[in-house]
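Engineer:
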Ligand code: CDP
Ligand code: MG
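Numbering (full-length UniProt numbering), first residue to last: 300 to 1035.
1. Which residue comes first and which comes last in the alpha helix (DSSP H) that contains residue 427?
2. Can you tell me where the beta strand (DSSP E) holding residue 957 begins and where it ends?
3. From residue 688 to residue 352, what does the alpha carbon distance come to, in whole angstroms?
4. Count the CB pairs spanning the segment 514-523 and the segment 382-392 that are closer than 8 Å, and state whether there are at least three.
5. Can you tell me whether DSSP reads residue 583 as helix, strand or coil?
6. Apart from the five residues on each side of it in sequence, which residues of its chain come closer than 7 Å, Cβ to Cβ, to residue 459?
7. Please indicate yes or no: does the CB of residue 456 lie closer than 7 Å to some heavy atom of the ligand CDP?
8. What number of angstroms, rounded off, separates the C-alpha of residue 605 from the C-alpha of residue 683?
9. Can you determine whether any heavy atom of the ligand MG sits closer than 7 Å to the C-beta of residue 674, and answer yes or no?
10. Identify which residue in 424, 433, 474 has its Cα closest to the Cα of residue 454.
11. Have a look at residue 829 and residue 877 and give me their C-alpha separation to the nearest angstrom.
12. Indicate whether residue 645 and residue 509 have their beta-carbon atoms separated by less than 8 Å.
13. The beta strand (DSSP E) spanning residue 443 covers which residue range?
14. Could you compute how far the alpha carbon of residue 535 sits from the alpha carbon of residue 441?
15. Over the uninterrupted beta strand (DSSP E) stretch that includes residue 845, give me the two end residues.
16. Looking at the structure shown, is residue 574 part of a helix, part of a strand, or coil, going by DSSP?
17. Relative to the ligand CDP, is the shortest distance from any of its heavy atoms to the C-beta of residue 490 smaller than 7 Å?
18. Which partner residues does residue 695 have in the DSSP bridge list?
19. Excluding five sequence neighbours on each side, which residues of the same chain lie with their C-beta closer than 6 Å to the C-beta of residue 642?
20. At what residues does the alpha helix (DSSP H) containing residue 995 begin and finish?
21. Taking the alpha helix (DSSP H) that residue 718 belongs to, which residues open and close that run?
22. Taking the alpha helix (DSSP H) that residue 985 falls in, what are its first and last residues?
23. Can you tell me the Cβ-Cβ gap for residue 437 and residue 608, rounded? I've got them flagged as a contact below 8 Å.
24. Going straight from the alpha carbon of residue 323 to that of residue 633, what length do you get?
25. Exposed or buried, which one is residue 651 when buried takes at least 16 other CB atoms within 10 Å?
26. Regarding residue 513 and the ligand MG, is the C-beta to nearest heavy atom distance less than 7 Å?
27. Measuring alpha carbon to alpha carbon, tell me which residue in 815, 512, 969 is nearest residue 421.
28. Cβ of residue 556 within 8 Å of Cβ of residue 764?
29. When we look at the beta-carbon of residue 833 and count the other beta-carbons within 10 Å, is it buried (16 or more) or exposed?
30. Does the segment 964-977 come within contact of the segment 937-944, defined as at least 3 CB pairs closer than 8 Å?
31. Between which two residues does the alpha helix (DSSP H) containing residue 857 stretch?
32. May I ask you to report which of helix, strand or coil DSSP gives residue 412?
33. Can you name the residues that DSSP bridges to residue 497?
34. DSSP on residue 1018, reduced to helix/strand/coil?
35. Kindly indicate which residue of 356, 538, 837, 741 has the alpha-carbon position closest to the one of residue 505.
36. Less than 6 Å between C-beta atoms, sequence neighbours within five positions excluded: which residues of the same chain meet that for residue 468?
Structure below.
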């Protein structure tokens, strides 16, 4: 893990504040738990020589709701079958008491906004109620989720509750993975997938109910869905529309859907004690780890589990490793600490672990991304640790650059996170920031994604749906018009739109691929260069992200050598990815080969699945599978045909400058070209960590830019830039 405290400080909005002074780690003592207790546990003190000081600030509102005495708890029913147990658990959920009223309201109104605290049973129960009430006789029930993990785990749960096999009556559909069948009547899917279904079925005729769930998350796809479902509801009076949300900003949804009625499901919420640090933390991972141990050691064993919010897979893996290492030495004096990571790319077989009940006397610590904020409910959480950050997309419409940044969360998020601890009893939340930070630095709400993202993909989808006047699309919160224009500009540059803004034949073919328009363009262009076989492998590998190679701490040199093998001949990162895929294929997809080369077999299998699907889509757009194994230039040209807007040129300083909308960027240290520094490169994406880095980089011949995108680059763009560094009079740029 590469951390640069100076740069992190820059990203940390708290850094400038006077309270920053000197941070207390190493000096402060624990405030929660009495002094006496500390004495008693003195022998454990080696666990945390470093401690963090918390102040108890306020008690969050909440009421104790008596459990319904009439409801049997699952323990009473040992003789029952598992299915019967699940059925009685269903009846303990807060939503159960409102079942009939809810169904009545759905029958009465076409559009209903449903609000209920996370964990009240909205996602898992409402589709089942509708099924039980006969809605599925008229068509499927579709329920959208902003996150793939949620779609998978919720559908698994519902199929258990219904006693059916996942993929039969209950299924899920996420990008590149369709686990449904003809039998499927309850379909959970990502919001992006429902958006794509409009392309094949513009009136969603096969659905009787569409539930846009987790509406408060306001993802880009959810926001676009709002506009589309609102529209079809007008001419499909039989379609029921449910908008469900975990937060109380329901008025806004109601207003948008022509004053749709709001159905509130009162939750059971116990008081949550909020604790803040007395001074800002320099390193929130350290602070989180210390806090985990403080809770684990100081609080009675078995009294409740811990949920920690981290920003991504990397952080989760780091913390997991440190926790494992540090618990190893603790011996039997201290209760077992069960570590459960959960993030979007966690393999399915490991996802179930977080829902398993914690064994007697042990404590579970769940290390989660934002996904546990509202999408997933984990029972038994008593302590929440909130470092106050999440990874957020941000977009600069001027330059068209998108980056994922570790950003402070909003107050609304902080409240949601804290609330996770008070579901089954009084909880405690430890915020790893000061009360001052909370009140003065955090925004009230998270900015909807539509206002901070690249819209190219969505614009292409909308254009394919025949929605041409995007400026007048019924957005709940409109995107900045620069973002819309930028998207139109890019799609025009890619020749997906003509100069009137209408979809071209090329654009129509591009829209068939559930990929970013630049990737789709690259694939469609590969037809011309007779290398579609290679290009779909490249596209599949790029879609996996950066989880292909792994680098165990004790074998970094070996791992790096293995990786560099694929870069032999300085072919660039795209071709290296292609080589990884083809070599794996040559070994007949051998797992052993992956181990030997420090490659994640799981990621490779996923790449193979994606590749298979892309191959199927090629057929749909009538592109033949062609290959040109002896010449890599056509492959690079096809990549350039899609990614020409991402070109950059080397500067004297050793950094790069993007050609259009000049900006200083660097080759990511993980790139095979990081040492070589070619004069011209094309990159897959920019990531901002400590610097603006280009990830997945390939060398480029500058004349290709003019050849492949003459409407975008003129000779002078390429020449001027190249000759600027030349002594006077030397004339034209060299063409390498
Ligand atoms: O959607 P909402 O947040 O209102 O609740 P839900 O997701 O329907 O969750 C209702 C209950 O089902 C919670 O007690 C969860 O713990 C449980 N659940 C589960 O055990 N396994 C899952 N994969 C999903 C939910
Ligand atoms: Mg839910």
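Using N, Cα and C, we set each Cβ at its ideal position, and we do this for glycine too. Remember, it's a predicted structure, so these values are computed and weren't measured experimentally.
Structural biologist: So, to answer that:
1. 421-431
2. 955-957
3. 19 Å
4. no
5. helix
6. 385
7. yes
8. So the alpha carbons of these two residues sit roughly 6 Å apart.
9. Indeed, a heavy atom of the ligand MG lies less than 7 Å from the Cβ.
10. Closest by alpha carbon: 424.
11. 16 Å
12. No. Outside cutoff.
13. 439-444
14. 15 Å
15. Here residue 845 belongs to no beta strand (DSSP E), and DSSP marks it neither H nor E.
16. strand
17. Outside the cutoff, so no.
18. Looking at the DSSP assignment, residue 695 forms a beta bridge with 700.
19. 612, 615, 668.
20. No alpha helix (DSSP H) holds residue 995; the beta strand (DSSP E) holding it covers 991-998.
21. 710-718
22. No alpha helix (DSSP H) contains residue 985, which is instead part of the beta strand (DSSP E) from 979-987.
23. Actually they do not touch by this definition, with Cβ atoms about 41 Å apart.
24. Because the pLDDT of residue 323 is 24, which lies under 50, any placement of that residue in the model is unreliable, and the question is left without a value.
25. That one is exposed.
26. yes
27. 512
28. no
29. buried
30. no
31. 855-864
32. strand
33. DSSP, once it has assigned bridges, lists no residue as partnering residue 497.
34. Secondary structure at residue 1018: helix, using DSSP grouped into helix, strand and coil.
35. 538
36. 482, 484
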